[in-house]
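Keeping their order, the protein sequence lines are chains E and X.
Under the numbering used here, the final residue of the first sequence carries the number 115; numbering is consecutive throughout.
Under the numbering used here, the final residue of the second sequence carries the number 505; numbering is consecutive throughout.
C-beta atoms are modelled at their ideal positions from N, C-alpha and C, and glycine is treated no differently.
A short write-up of the structure that comes next.
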Amino acid sequence: MKLYLLNMIQPVGDPPPPEVLEKVMADIFEIRRDLELEESWVFGHGLHGPEASTMVRLRDDEVIATDGPWAEGKEHIGGITIIQVEDLDAALKIAARFVKATGLPMEVRPFHGEV
Amino acid sequence: MIEEVFRAEHGRAVAVLVRAFGDIDVAEDAVQDAFAEAVRRWPVEGTPPSPAGWVITTARNKAIDRVRREAARAGKQAQAAMVDEGGPVEVGTVQDERLRLIFTCCHPALGLQARVALTLRLLGGLTTAEIARAFLVPEKTMAQRLVRAKGKIRDARIPYRVPEEGDLPGRLSGVLAVVYLVFNQGYGGRDELAAEAIRLGRVLHELMPDEPEVLGLLALMLLIESRKAARMVDGELVLLGEQDRGLWDRGLVREGQALVRRCLEIGRPGPYQIQAAVNAVHSAAATAGDTRWGQILRLYDQLMVVAPSPVVALNRAVAVAEVEGPGAALGLVDGLDLGRYHLFHAIRADLLRRLGRDEEAAEAYGRALERTDNPAEMTFLEKRLLSLRP
C-alpha cells in the first residue's frame, strides 16, 4: 500500500453560502465514511486560511516566528486528506470524488516509501 | 539485422520484464544488456532459431543476475533466493504484456511530451538520441524528460495495468492520441516517426482487434501514408486534388479501406473512424473530379456531432465549398476563431481566389505564410500567392 496526500486547493475569498456548504460537507462526510469502510482513510481535516498561519524560520542563528504565510497567493491549501491505497489510479479515483463534491481542484501527492 | 530484431522485440521484452521485476529501469537495462550480448555472440554463433525468445530469455537472466547482485550487496539473501531462474522462454507461451506497458506509458498523470517519449522509447525501442532528433530537442533534454517520467511512474506508483472496463474508453483515447501525435510529427517530414506510429498502431490492433477506434486510427494512418509519394514532389507540397493518384500505394489503400469496412460492420463510430472514412472516400476516387464530396460532407457532419472542434468545422467547410460552392464555405470559415492557425488562412485564401477576390486572397496567403515555418508549405503558399499576380 502507498500513502497519498490530497491537497484541496481553495481560492482566496469568502466561503460559499451556508446552504451550498452544507451539501458539500455532507458529501465529504459520505466520502470519508466510504474510505473508512474500505480502510483507505488515514487522516483528513479542513484548514483555517493563511491569515491564521504563523511562519517559523531561521534567521542567522536565531529562530523567529512571524505572522502570515511566506507568500501571498490567489489560492491556498484549504484542507488535507491522507489516504492509503494500492496505486495512483485508486488515489485519483478518490480525488475525483472530492473534486466532484467540492468543485475545487485537488493535488494528489505520493509520500515516500510504502506502508 | 540484430538492430532490427531488437527494435521489433523491444516493447514485448521490456513489457514482460517490467511485469516480472516491477521496475522499468531494470527491464530496460536488461534488454540493453541482452542486445550487447547479441552483438557479441550472434555474428560468431549464428542467429538463434527464435531470436525473439532469445531476447526475452537472455534479458530475463540478465535482470535476475542484477537483482541477485543488488540483493547480495544489500545483504538480502532471502530475497535473492526468491528470484526464479526458469528455462528458456518461448514467445508463443509468454503472455503479451505490451498492452499494460502502453497504458502505463500513456497514463494521463504524465505530461503529453513524456507520454510520447516513453512510448517511443519503451515500446518503439527508439534510442534516446533518435527520439531527441525526431523532436528537435537536445539529447540531454530528452534523457532528462525520460528519467523524470520514469521517476514519476515509480514514485507516484502509476500502475502497470490495463484500465478497468469503465475507464477504458477514456484511457484508450489517450493512448490513441499519443500514437496519432507521433504520426503527425512524422507527417512533417520525419518519415521514421510516421512509420513508427503505424507500427504502434499495428501492435494496438493486434492486441485489441475489436476496438473500433483502434481500427479507425490504423486505417486513418495507412490511408494518409498511402499518399506519401504523391504528396511531396521535389520537396514541394502537392494538394490532394492535384496529386498523381498513380503514385498512391495501392496496398496501403486496400488495407486501410478494409479496416474502414470492418469499422462500419462494428457500427460504433468515433472520431478516428470517421476521419478514416473521409480518407477512404478520397482513396476510392479515381480522379479528383470523381470525389464523392456529398459523402464526405455527411461524414464531417457526423464528426461535428461526435467530436466538434473549430478545426473539424474548417475541414467541413472545405467539403461545403465542393458541394455548395466557395461562397457558402467562406461564410462558415469567417465565423471560426482560428486566426492563429496557418491552414485557416490558406483555406480562406483559396476560397477567396475561387470567388475572384484576388486582393483579399493575396492578403490571406500572406497571413498563412507568416504562421508556418514548414519549408514545403511555405514554397506552396508562395507559389499560390505569385499565381494571383497577373
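From the options, residue whose alpha carbon lies closest to that of residue i
i      : options                        : result
E/E75  : E/T54, E/E86, E/L47, E/D60     : E/L47
X/Q259 : X/E307, X/A232, X/L216         : X/A232
E/L35  : E/E114, E/F98, E/T102          : E/F98
X/L338 : X/R155, X/V433, X/M257, X/Q388 : X/Q388
X/A292 : X/T402, X/L319, X/E307, X/A344 : X/L319
X/H222 : X/L251, X/E185, X/A249, X/K267 : X/K267
E/G68  : E/P15, E/I82, E/G49, E/P110    : E/G49
E/H45  : E/P110, E/L6, E/V108, E/L92    : E/L6
X/D465 : X/D306, X/D452, X/A483, X/G450 : X/A483
E/R109 : E/I83, E/A65, E/E19            : E/I83
E/E107 : E/K2, E/G113, E/A26, E/M8      : E/M8
X/A145 : X/P490, X/R181, X/W157         : X/R181
X/H460 : X/Y480, X/Y415, X/G385         : X/Y480
E/F43  : E/F29, E/A52, E/S53, E/E51     : E/F29
X/D140 : X/Y456, X/A264, X/M116         : X/A264
X/D488 : X/L237, X/L296, X/L333, X/L458 : X/L458
X/A249 : X/K498, X/R272, X/A310, X/R286 : X/A310
E/R33  : E/T81, E/F111, E/G113          : E/T81
X/M419 : X/N430, X/G409, X/V159         : X/N430
E/T102 : E/Y4, E/M25, E/L3, E/E19       : E/M25
E/H100 : E/D27, E/E22, E/P16            : It is worth fixing the name first, because residue 100 of chain E is Lys in this sequence and not His. Measuring from the Cα of E/K100, the nearest candidate turns out to be E/D27.
X/P506 : X/I117, X/A142, X/G137, X/R127 : Residue 506 of chain X falls outside the range modelled here, since chain X spans only 116 to 505, and no answer is possible.
Listed by chain order, chain X residues near residue i by CB distance under 7 Å
i      : result
E/D89  : P274
E/P125 : Since the first and last residues shown for chain E are 1 and 115, residue 125 of chain E lies out of range.
E/K74  : Going along chain X, no residue has its Cβ under 7 Å from E/K74, so there is no contact; the nearest lies around 23 Å.
E/K2   : R272
Residue i beta carbon near the ligand NAD (any heavy atom closer than 8 Å)
i      : result
E/E107 : Here there are no bound small molecules, and the ligand NAD is not part of this structure.
Rounded Cβ spacing between residue i and residue j (contact assumed at less than 8 Å)
i      : j      : result
X/I217 : X/L235 : Not quite, the Cβ-Cβ distance comes to about 12 Å (not below 8 Å), so this is no contact.
X/V433 : X/A443 : With 8 Å as the limit, X/V433 and X/A443 do not qualify as a contact, their Cβ atoms being about 12 Å apart.
X/A403 : X/Q372 : Contact flag wrong, Cβ pair sits at about 18 Å.
X/L476 : X/L447 : A small correction: the amino acid at residue 476 of chain X is Ala; Leu does not occupy that position in the sequence shown. The Cβ separation is near 17 Å, so there is no contact.
X/V438 : X/L412 : 5 Å
X/V353 : X/A345 : 6 Å
X/A391 : X/A334 : 4 Å
X/R213 : X/L238 : 7 Å
X/D364 : X/S341 : 4 Å
E/L88  : X/A224 : 6 Å
E/E86  : E/M1   : 7 Å
Short CB-CB distance (under 9 Å) between residue i and chain A
i     : result
E/L92 : The displayed structure is made up of protein chains E and X, and chain A is not among them.
- Message: Please list, in chain order, the residues of the region 264-281 of chain X that have any C-beta partner in chain E closer than 8 Å.
- Response: Across the region 264-281 of chain X, CB contacts with chain E closer than 8 Å involve D270, A271, R272, I273, P274, R276, P278, in sequence order along the chain.
- Task: Taking a Cβ distance cut-off of 7 Å, strictly less, list which residues of the region 216-250 of chain X are near chain E, in chain order.
- Result: A224
- Query: With a cut-off of 8 Å, do at least 3 Cβ pairs link the region 346-363 of chain X to the region 323-333 of chain X?
  - Reply: no
- Query: Pairing CB atoms from the region 76-88 of chain E with CB atoms from the region 54-61 of chain E, are three or more of them under 8 Å?
  - Reply: The region 76-88 of chain E is not in contact with the region 54-61 of chain E.
- Message: Across the region 421-431 of chain X and the region 362-377 of chain X, are there enough close Cβ pairs to call them in contact, namely three or more that are closer than 8 Å?
- Response: no
- Message: With three or more beta-carbon pairs closer than 8 Å as the criterion, would you say the region 304-316 of chain X touches the region 275-288 of chain X?
- Response: no
- Is there contact here, the region 91-108 of chain E with the region 121-128 of chain X, by at least three beta-carbon pairs under 8 Å? With the cut-off at 8 Å, the region 91-108 of chain E and the region 121-128 of chain X do not touch.
- Query: Are the region 160-180 of chain X and the region 126-143 of chain X touching by the rule of at least three beta carbon pairs closer than 8 Å?
  - Reply: yes
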